[in-house]
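Chemist: Here the sequence shown is numbered in this note's numbering, starting from 21 and rising by one per residue. Ideal Cβ positions, reconstructed from N, Cα and C, are used throughout, including at glycine. Before anything else, here's the structure in question.
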Amino acid sequence: MRSIVLVFSLVACAVLAPRSAGAAAQPDTAQAHRYYRQGLAFYGEGRYVEALRQFQNATFFDPEGSEIRFAQGLCLLKLDEPEKARTQFERTLVAAPDHARAHYNLGLALIELADTTGARRHLLRASALAPNTAGLHRALARIAETGGDVKGAVAEMRLEQTASPDSAKTHAELGRLLALSGQPDSALAAFDRALALDPRLLDARIAQARAYESLGRPSDAAQAWSAAAAIDTTRADLWSAVGVELFRAGKPAEAAPVFERAMRLDPKDAKSAFNLGVALEGLQQGDDALVAYREANARDSTYADPWLNAGALLARMGRKVEARSAFERYLALAPDSPRAEEIRRALSALTPSGSKKKKSG
Numbered sequence: 021m022r023s024i025v026l027v028f029s030l031v032a033c034a035v036l037a038p039r040s041a042g043a044a045a046q047p048d049t050a051q052a053h054r055y056y057r058q059g060l061a062f063y064g065e066g067r068y069v070e071a072l073r074q075f076q077n078a079t080f081f082d083p084e085g086s087e088i089r090f091a092q093g094l095c096l097l098k099l100d101e102p103e104k105a106r107t108q109f110e111r112t113l114v115a116a117p118d119h120a121r122a123h124y125n126l127g128l129a130l131i132e133l134a135d136t137t138g139a140r141r142h143l144l145r146a147s148a149l150a151p152n153t154a155g156l157h158r159a160l161a162r163i164a165e166t167g168g169d170v171k172g173a174v175a176e177m178r179l180e181q182t183a184s185p186d187s188a189k190t191h192a193e194l195g196r197l198l199a200l201s202g203q204p205d206s207a208l209a210a211f212d213r214a215l216a217l218d219p220r221l222l223d224a225r226i227a228q229a230r231a232y233e234s235l236g237r238p239s240d241a242a243q244a245w246s247a248a249a250a251i252d253t254t255r256a257d258l259w260s261a262v263g264v265e266l267f268r269a270g271k272p273a274e275a276a277p278v279f280e281r282a283m284r285l286d287p288k289d290a291k292s293a294f295n296l297g298v299a300l301e302g303l304q305q306g307d308d309a310l311v312a313y314r315e316a317n318a319r320d321s322t323y324a325d326p327w328l329n330a331g332a333l334l335a336r337m338g339r340k341v342e343a344r345s346a347f348e349r350y351l352a353l354a355p356d357s358p359r360a361e362e363i364r365r366a367l368s369a370l371t372p373s374g375s376k377k378k379k380s381g
């Protein structure tokens, strides 16, 4: 289940007020409360299966206890059981129609069940009962985005920003939506706020780098990718992105060792080997570039681009036989490439005239 926000925290409160004397089937609130408190302890430790079991025991002694039903719903949301969670939140609202937290979390469950109309209704009811509740407008933003209303999603996230001014994830999500709506400069401001609150927020670093890319600022993008790679040093794709932006910034000497690092992290990473070859060509290291292109094809035998670059490089180096072989391998892998006709002409130019058969007279 895609996480939206943390559900409302459970509180250690009375499960149900004692009923009047003479009421039929009076629940055993003392027993219920004992199991409820045990459930709270497990929930606080993140042990949601054990917590759910205790809340279910509590329900046996107090079937109509709204807080017990609500607690079961929270556990079921955590356990990716939105349909069952929905049932418990609906039971909560039968006993307590103005339970703001139940309306809110029922809205979250309904989002997971693709009932955006119902989700929006309950989220708006929660907002009326408990204005400026953290997470509410983020959930409404998700509904808007799902419906294709990115502008509306941005508006909801700005409201969420007011409700949760110190939430790094809120600022990061606003930044993502601003970038999606074609406002990269505003997105960068939101990412800056998010990262000031939490410098190790990896998704925000990645989104920040992409925003710089969209603005044609490769040096800034390289710095952002480097910061992302510093958070998770094991990801080859992050280091590869650093290298690409360094190369775009006109720094092939800095890009080359970064591509080598990405290659070491992922032995199957053929793209970084290819990019290393491109960087080495930029450094006028043709023989080393050819080695990198061969490594790219060794890592992925279906990868056509290294053969294309190798062929062009070999042709410039006057190694025509090898160039023809490389171009032929490229065409075998990408016969319908937009450059295929161009490469066929290059092959024709590289073919020695003496190898063509003469027509009989």
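1. Determine the DSSP secondary structure at SER234, reduced to helix, strand or coil.
2. Check ALA44 in the structure and name its three-state DSSP category.
3. Mapping the DSSP letters down to three states, classify GLN181 as helix, strand or coil.
4. Run the CB neighbour count on SER184, radius 10 Å, all protein chains shown included, and call it buried at 16 or more, exposed below.
5. What three-state label does DSSP hand ALA154 in the structure shown?
6. Taking only runs that begin and end inside the segment 89-142, name each unbroken beta strand (DSSP E) of 3 or more residues, in chain order.
7. In terms of residues, what are the limits of the alpha helix (DSSP H) holding PRO326?
8. Applying the 10 Å Cβ sphere with the 16-neighbour rule, what's the burial state of PHE80?
9. What residue from ALA247, MET177, ALA216, GLN181 has the CA that sits closest to LEU197's CA?
10. Can you list, in chain order, the stretches of the alpha helix (DSSP H) that have 4 or more residues and sit fully within the segment 179-266?
11. Nearest to SER321 by CA position, among GLY297, LYS291, ASP308, ASP307, is which residue?
12. So, ARG225 versus ALA241, is the Cβ gap smaller than 8 Å?
13. Return yes when the Cβ of GLU280 is within less than 8 Å of the Cβ of LEU303, no when it is not.
14. Tell me which residues share the same chain as ARG17 and place their Cβ nearer than 6 Å to its Cβ, disregarding the 5 neighbours each side in the sequence.
15. Would you call the CB atoms of LEU143 and LEU156 closer than 8 Å?
16. Mapping DSSP to helix, strand and coil, what is THR79?
17. By DSSP, does GLN51 sit in helix, in strand, or in coil?
18. Who are the near neighbours of GLU70 in its chain, counting only those whose CB is closer than 7 Å to its CB and skipping five residues on each side?
19. Figure out for me which residue from PRO47, LEU94, TYR55, MET337 has the closest Cα to the Cα of GLY66.
20. Using 10 angstroms around the beta-carbon of ASN317, count the other beta-carbons present and answer buried if the total reaches 16, otherwise exposed.
21. Of the residues ARG237, ARG255, LEU328, ALA269, which one's Cα is nearest the Cα of ALA282?
22. Which same chain residues end up closer than 7 Å to ALA346 when comparing Cβ atoms and leaving out the 5 residues on each side of it in sequence?
23. If distances are taken between C-alpha atoms only, which option among GLY270, SER368, ARG319 comes closest to ASP289?
24. Where do the N-terminal and C-terminal ends of the alpha helix (DSSP H) with LYS271 fall, by residue?
25. So, helix, strand or coil for SER345, using DSSP?
26. Helix, strand or coil: how does DSSP classify GLN304 here?
27. Among the residues of its own chain, which have a CB less than 8 Å from the CB of PHE75, if the five just before and after it don't count?
28. First and last residue of the alpha helix (DSSP H) that includes ALA369?
29. Compare the C-alpha of GLN228 against each of LEU194, THR253, GLY172 and name the closest.
30. Using C-beta distances below 7 Å, list every residue in its chain close to THR107, excluding the 5 sequence neighbours before and after it, in chain order.
31. Select from ALA343, ALA360, LEU351 the residue whose C-alpha is nearest the C-alpha of PRO372.
Modeler: So, from the data block:
1. In the sequence shown, residue 234 corresponds to position 214, counting from 1. DSSP places SER234 in helix when its eight states are reduced to three.
2. Taking the first residue of the sequence shown as 1, we reach residue 44 at position 24. Low local confidence applies: a pLDDT of 41 at ALA44 is under 50, so the model's placement there is unreliable, with the coordinate-based value given in what follows. Three-state result, ALA44: coil.
3. Within the sequence shown, numbered from 1, the residue matching residue 181 stands at position 161. GLN181 falls in the helix class under three-state DSSP.
4. Position 164 of the sequence shown holds residue 184. SER184 comes out buried.
5. The residue given as residue 154 occupies position 134 in the sequence shown. Note: ALA154 maps to coil in three-state DSSP.
6. The DSSP assignment places no complete beta strand (DSSP E) segment of no fewer than 3 residues inside the segment 89-142.
7. In the sequence shown, residue 326 corresponds to position 306, counting from 1. 325-336 is the extent of the alpha helix (DSSP H) around PRO326.
8. On the sequence shown, residue 80 is found 60 positions in, with the first residue counted as 1. It counts as exposed.
9. Numbered from its first residue, the sequence shown carries residue 197 at position 177. When the alpha-carbon of LEU197 is set against those of ALA247, MET177, ALA216, GLN181, the nearest one is in MET177.
10. As far as the segment 179-266 is concerned, its whole alpha helix (DSSP H) runs of at least 4 residues are 188-200, 204-217, 222-234, 238-251.
11. Translated into the one-based positions of the sequence shown, residue 321 becomes position 301. Among GLY297, LYS291, ASP308, ASP307, the Cα nearest to that of SER321 belongs to LYS291.
12. In the sequence shown, residue 225 corresponds to position 205, counting from 1. In the sequence shown, residue 241 corresponds to position 221, counting from 1. Contact flag unset, no.
13. Position 283 of the sequence shown, counting from 1, holds the residue named residue 303. Position 260 of the sequence shown, counting from 1, holds the residue named residue 280. At a Cβ-Cβ threshold of 8 Å, LEU303 and GLU280 do not count as neighbours.
14. Shown here, the chain extends from 21 to 381; a query on residue 17 therefore has no answer.
15. Sequence index remark: in the sequence shown, residue 143 carries index 123 (1-based). Sequence index remark: in the sequence shown, residue 156 carries index 136 (1-based). Cβ distance < 8 Å, so LEU143 and LEU156 count as in contact.
16. Here residue 79 is taken as the residue at index 59 of the sequence shown, counted from 1. Helix at THR79.
17. If you number the sequence shown from 1, residue 51 lands on position 31. GLN51: helix per DSSP, three-state reduction.
18. The residue given as residue 70 occupies position 50 in the sequence shown. Correct list, in chain order: PHE62.
19. Mapped onto the sequence shown, residue 66 falls at position 46. Of the candidates PRO47, LEU94, TYR55, MET337, the one whose C-alpha sits nearest the C-alpha of GLY66 is LEU94.
20. As a position in the sequence shown, residue 317 is number 297, starting the count at 1. ASN317 comes out buried.
21. Working through the sequence shown from its first residue, we reach residue 282 at position 262. Ranking the options by Cα distance to ALA282, first place goes to ARG255.
22. Looking up residue 346 in the sequence shown gives position 326. Excluding sequence neighbours, ALA346 sits near TRP327, ALA330, GLY331, LEU334.
23. The residue labelled residue 289 in the question sits at position 269 within the sequence shown. Across the set GLY270, SER368, ARG319, the C-alpha of ARG319 shows the shortest separation from the C-alpha of ASP289.
24. For the purposes of this step, residue 271 is taken as residue 251 along the sequence shown, with counting starting at 1. For LYS271, there is no enclosing alpha helix (DSSP H), as DSSP marks it with neither H nor E.
25. Position 325 of the sequence shown holds residue 345. Judged by DSSP in its simplified three-state form, SER345 adopts helix.
26. Along the sequence shown, one-based indexing puts residue 304 at 284. The DSSP-derived three-state label of GLN304 is coil.
27. Looking up residue 75 in the sequence shown gives position 55. Excluding positions up to five away in sequence, the list reads TYR55, TYR56, GLY59, ILE88, ALA91, GLN92, CYS95.
28. In the sequence shown, the residue the question calls residue 369 occupies position 349. From DSSP, the alpha helix (DSSP H) with ALA369 extends over 360-370.
29. As a first step, residue 228 is located in the sequence shown; it is residue number 208 there, counting from the start. The shortest C-alpha separation from GLN228 is found at LEU194.
30. Within the sequence shown, the letter at position 87 stands for residue 107. Excluding positions up to five away in sequence, the list is empty.
31. On the sequence shown, position 352 is the one that residue 372 refers to. Closest by C-alpha distance to PRO372, out of ALA343, ALA360, LEU351, is ALA343.
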